[in-house]
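Engineer:
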Amino acid sequence: MNEKVTVLAPVGSYESLAAAIQAGADAIYFGLNQLNMRARSAKYFEVNDLDEIVSRCKKANVKCYLALNTILYNHDLNLMRALMNHAKFSGVDGVIVTDHAAMQYGRSVGMPLHISTQANISNIEAVSFYAPYADVMVLARELSLKQVAEIAQEIRKRQLTGPSGQLVKLEVFVHGALCMAISGKCYLSLHTQFASANRGACYQNCRKAYILTDKEDGHQFEVDNEYIMSAKDLCTIDMLDQVVQTGVAVLKIEGRARSADYVYTTTKCYKEAVQAIEQGTFNRKLVKHWESELSKVYNRGFWEGYYMGRKLGEWSNQPGSIATEKKVLVGKGQRYYPRLKVGEFAMESGRLKEGDEIMIISQKTGITRLTLQGLQVNGCIAYEATGGDHITFPLEIPVSEGDVLYKVLLA
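Residue numbers (this note's numbering): 54 to 464.
(1) How many Å lie between Leu125 and Thr377 at the Cα?
(2) Count Cβ pairs between the segment 111-121 and the segment 342-360 that sit closer than 8 angstroms; are there 3 or more?
(3) Checking 9 angstroms against the spacing of the C-beta atoms, do Ile168 and Val201 come in under that value?
(4) How about Leu304 and Glu224: are their beta carbons less than 9 angstroms apart?
(5) When DSSP labels each residue in this structure, what does Arg388 get in the three-state scheme?
(6) Where do the ends of the alpha helix (DSSP H) carrying Thr319 lie?
(7) What are the residues that DSSP puts in a beta bridge with Thr170?
(8) Measure the C-alpha to C-alpha separation of Trp368 and Ala262 and round it to an integer number of angstroms.
(9) Can you tell which of Cys288, Gln273, Gly271, Thr266 has the C-alpha that lies nearest to the C-alpha of Arg194?
(10) Taking the straight line between their C-alpha atoms, what separation do you get for Ala218 and Ile411?
(11) Is the CB-CB distance between Phe226 and Glu307 below 9 angstroms?
(12) So Ser467 and Glu68 are supposed to be a Cβ contact under 8 angstroms. How far apart are they, rounded?
(13) Are the C-beta of Ala302 and some C-beta of chain C separated by less than 9 angstroms?
(14) Use the C-beta contact count for Tyr351: other C-beta atoms within 10 angstroms, 16 or more gives buried, fewer gives exposed.
(15) Please state whether the Cβ-Cβ distance between Ala154 and Thr320 is less than 9 angstroms.
(16) Spatial neighbours of Val60 within its chain, please: C-beta separation below 7 angstroms, excluding the five flanking residues on both sides.
(17) Under a Cβ-count criterion, where at least 16 other Cβ atoms within 10 Å of its own Cβ denotes burial, should Gln171 be classed as buried or exposed?
(18) How would you write the range of the alpha helix (DSSP H) that Leu339 sits in, first residue to last?
(19) Output the distance between the C-alpha atoms of Met54 and Gln332, rounded to the nearest integer angstrom.
(20) How is the alpha helix (DSSP H) around Phe182 delimited, first residue to last?
(21) Since Ser415 is in the beta strand (DSSP E), which residue starts that stretch and which ends it?
(22) Output the distance between the C-alpha atoms of Leu70 and Cys117, rounded to the nearest integer angstrom.
(23) Judging by CA-CA distance, which residue of Asn127, Lys349, Asn173 is the nearest neighbour of Asp314?
(24) What three-state label does DSSP hand Lys285 in the structure shown?
(25) Mind checking Pro165: buried by the 16 CB within 10 Å criterion, or exposed?
(26) Here's the rule: buried if 16 or more other CB atoms are within 10 angstroms of the residue's CB, otherwise exposed. What is Gln469?
(27) Gly362 and Ser197 look like a contact to me (Cβ under 8 angstroms); what is the Cβ gap, rounded to whole Å?
(28) Comparing C-alpha positions only, which one of Leu119, Ser175, Asn173, Asn127 sits nearest to Gly478?
(29) Would DSSP call Lys141 helix, strand or coil?
(30) Looking only at DSSP bridge pairs, what is Pro63 linked to?
(31) Buried or exposed: Lys57, going by 16 or more other Cβ atoms within 10 Å of its Cβ?
(32) Using the beta-carbon count (16 or more within 10 Å), is Arg353 buried or exposed?
Now the structure itself:
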């Protein structure tokens with residue numbers, strides 16, 4: 054077991070940032086402007102958000118890493134340099150890169166670098182090649198645990214060090230969406246929309262249903278009613294002890310385009326699992342609990358990826374999420390009464406009644422989930438509220454204008 058295994062959480066919004074910190078993330082990663090691999094699908098941050106992100110992370114003793122991991126064209130180079138400079142000045146702990154131009158510039162200005170999975174690092178010689186540039190390397194997603202362990206062992210054997218003088222650390226994905234292409238290097242979106250997935254502009258062609266047509270007689274059919282290019286999500290919670298035993302240092306959760314409650318739940322489960330491994334209490338009963346929790350938030354079904362030596366993926370059989378719970382937006386935060394510990398919300402749609410499960414998502418406090426009790430509607434004790442009502446109820450956490458109130462239902 055490593056001395057310290059880092060749980061790295063995805064952040065695509067201030068709500069997700071608060072949720073990741075709340076859930077116990079050791080580190081977070083985020084994107085800026087268009088030079089990150091979730092530029093189309095996530096609400097990426099702007100440069101003027103950097104100081105706030107870094108400040109929140111430093112206050113919580115959480116590392117923060119900037120994903121600047123697209124391929125770069127000539128017209129991107131000035132922006133890349135500017136973002137790298139801003140990151141260094143603001144105190145970002147490191148930048149995740151793919152393009153050799155970003156590696157070269159990052160090294161020239163003394164910015165700590167991580168090599169992205171897009172580089173498809175699959176062997177010890179590739180680690181040796183990149184070692185002068187980066188202290189951390191995200192391995193290709195197609196490796197087995199045996200292959201990962203062999204690379205970790207060779208790093209120790211050869212004493213391969215990065216720019217810091219410390220042994221190179223390995224990072225692997227443990228949860229979230231998997232691309233059907235090798236380490237995410239897909240060209241479908243480029244072919245159909247002239248929007249490169251390798252520049253963060255993926256249209257997710259692989260997540261759609263397709264009908265095959267016989268060119269001779271025109272007959273059409275679907276193959277097993279499956280989405281034949283849409284892989285199920287990676288989930289390693291039941292084998293996380295084996296993942297950690299390989300010698301990796303960073304466990305990365307995918308999901309910068311997913312919601313704050315997804316970030317909170319996945320981070321919390323994997324952080325608890327790492328702590329259980331450290332304490333020697335990791336067991337099947339706990340795994341079942343974590344699997345149940347993970348199934349409540351966005352997922353396309355789960356499989357263990359290629360870590361156990363599989364050659365082919367498992368494919369989704371329906372579009373979108375199969376989460377066991379869904380949340381329905383019903384209102385927005387208005388104000389908080391700290392002396393009374395009461396929150397006020399404006400109902401926008403739907404219905405709420407005493408005993409309903411609710412969730413509040415906030416840029417400041419992350420995720421709050423509770424059973425609705427002590428409901429008052431328009432200043433009067435009531436059993437039910439509907440769209441247009443102003444409601445209050447007891448709440449331990451402060452409410453800010455713009456916080457979002459959801460009703461949680463079984464899917």
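Each residue gets a CB set at the ideal place from its N, CA and C atoms; glycine is no exception.
Structural biologist: In short, the structure shows the following:
(1) 40 angstroms
(2) no
(3) no
(4) yes
(5) strand
(6) According to the DSSP assignment, Thr319 belongs to the alpha helix (DSSP H) that extends over 313-332.
(7) According to DSSP, Thr170 bridges with nothing at all.
(8) 11 angstroms
(9) Cys288
(10) The question names Ala, but residue 218 is Gly in the sequence shown. Spanning the two alpha carbons is a distance of roughly 49 angstroms.
(11) With a cutoff of 9 angstroms on beta-carbon distance, Phe226 and Glu307 are scored as near each other.
(12) An answer regarding residue 467 cannot be provided, because it is not within the stretch 54 to 464 covered by the chain.
(13) The chain labelled as chain C is not found in the depicted structure, where only one protein chain is given.
(14) Classification for Tyr351: buried.
(15) no
(16) Ala78, Asp79, Leu304, Thr320, Tyr323, Lys324, Val327
(17) So Gln171 counts as buried.
(18) Here the alpha helix (DSSP H) through Leu339 covers 337-348.
(19) Note that Met54 scores 49 on pLDDT, short of 50, meaning its location in the model is unreliable; the coordinates nonetheless yield the value given after this. Their backbone Cα atoms lie some 11 angstroms apart in a straight line.
(20) 177-183
(21) 410-415
(22) Those two C-alpha atoms are separated by around 10 angstroms.
(23) Lys349
(24) coil
(25) buried
(26) The structure shown does not extend to residue 469, since the chain is modelled only from 54 through 464, so no value can be given for it.
(27) 5 angstroms
(28) In this structure the chain extends from 54 to 464, so residue 478 is not present and cannot be described.
(29) helix
(30) When DSSP reads this structure, Pro63 sits in a beta bridge with Tyr82.
(31) Answer is exposed; the Cβ neighbour count stays below 16.
(32) buried
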